[in-house]
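Peer 1: Numbering (this note's numbering), first residue to last: 265 to 428.
Each residue gets a CB set at the ideal place from its N, CA and C atoms; glycine is no exception.
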Ligand code: SME
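1. Does the distance from the CB of residue 385 to the CB of residue 352 come in under 8 angstroms?
2. Residues in the same chain with beta-carbon distance under 8 angstroms from residue 311, minus the five sequence neighbours each way, listed in chain order, please.
3. With distance defined between alpha-carbon atoms, name the residue in 265, 402, 412 nearest to residue 361.
4. For a test of the three-state rule: what should DSSP assign to residue 343, helix, strand or coil?
5. What does the alpha-carbon distance come out to for the pair residue 276 and residue 410?
6. Residue range of the alpha helix (DSSP H) that residue 284 falls in?
7. Can we count residue 330 as close to the ligand SME, meaning its CB is less than 7 angstroms from some heavy atom?
8. Does the beta-carbon distance from residue 320 to residue 336 come in below 8 angstroms?
9. I need the residues with a C-beta less than 5 angstroms from some heavy atom of the ligand SME; please give them in chain order.
10. Could you give the DSSP three-state label for residue 369: helix, strand or coil?
So this is what it looks like as structure tokens:
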């Protein structure tokens with residue numbers, strides 16, 4: 265298997281998400297192991313979008329998220345439900361876009377270089393949150409509606425593959 269996730273710089277973000285989705289479906293087809301899928305999802309997103317940090321926190325018990333596969337600098341390993349951006353996205357079962365992490369009360373700073381962030385829940389078919397995708401940028405206000413839409417779509421594809 266050889267697959268790259270590098271796209272022309274001239275593409276808009278929307279076009280990049282569309283191209284990514286098509287390639288991503290091929291990448292995850294025929295694999296159902298969670299760690300394999302999450303590891304490659306992190307790598308593909310990092311390659312395609314150049315994010316500073318991209319990875320997963322997984323629901324480990326009713327109270328805690330544990331660090332999962334990721335790409336980027338080392339990160340905090342455990343986050344309590346309702347805490348930080350990740351724990352809040354889990355508790356509220358919805359995507360959270362944070363344009364300036366310094367203005368989000370309770371933000372957990374794993375790296376001082378992180379300036380903005382988006383967290384997208386991984387929802388099982390019944391709506392239960394089993395983890396979150398967390399992406400950090402070293403730029404302010406790096407994430408918008410295109411990212412929310414694109415990343416939620418990617419998480420839907422991933423969860424479909426994991427439910428087989
Ligand atoms: N900033 C996150 C913690 C995880 S790191 O960004 C990788 C939060 O507030 O939940």
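Peer 2: On the basis of the coordinates in this document:
1. Within the chain shown, the letter at position 121 stands for residue 385. Within the chain shown, the letter at position 88 stands for residue 352. The answer is no: Cβ separation not under 8 angstroms.
2. Within the chain shown, the letter at position 47 stands for residue 311. Excluding sequence neighbours, residue 311 sits near 268, 269, 270.
3. Taking the chain shown and counting its residues from 1, the one referred to as residue 361 is at position 97. Taking only the C-alpha atoms, the option nearest residue 361 is 412.
4. In the chain shown, counting from the first residue as 1, residue 343 sits at position 79. Note: residue 343 maps to strand in three-state DSSP.
5. Locating residue 276 in the chain shown gives position 12, where the first residue counts as 1. Locating residue 410 in the chain shown gives position 146, where the first residue counts as 1. Approximately 10 angstroms, taken between the alpha carbons.
6. To locate residue 284, count along the chain shown from 1; it is residue 20. Taken as a continuous stretch (DSSP letters only), the alpha helix (DSSP H) holding residue 284 covers 277-292.
7. Taking the chain shown and counting its residues from 1, the one referred to as residue 330 is at position 66. Checking the Cβ of residue 330 against the ligand SME gives no.
8. If you number the chain shown from 1, residue 320 lands on position 56. If you number the chain shown from 1, residue 336 lands on position 72. Cβ distance not < 8 angstroms, so residue 320 and residue 336 don't count as in contact.
9. 339, 348, 349, 350, 371, 372, 374, 400
10. Position 105 of the chain shown, counting from 1, holds the residue named residue 369. The answer is coil: DSSP assigns residue 369 none of H, G, I, E or B.
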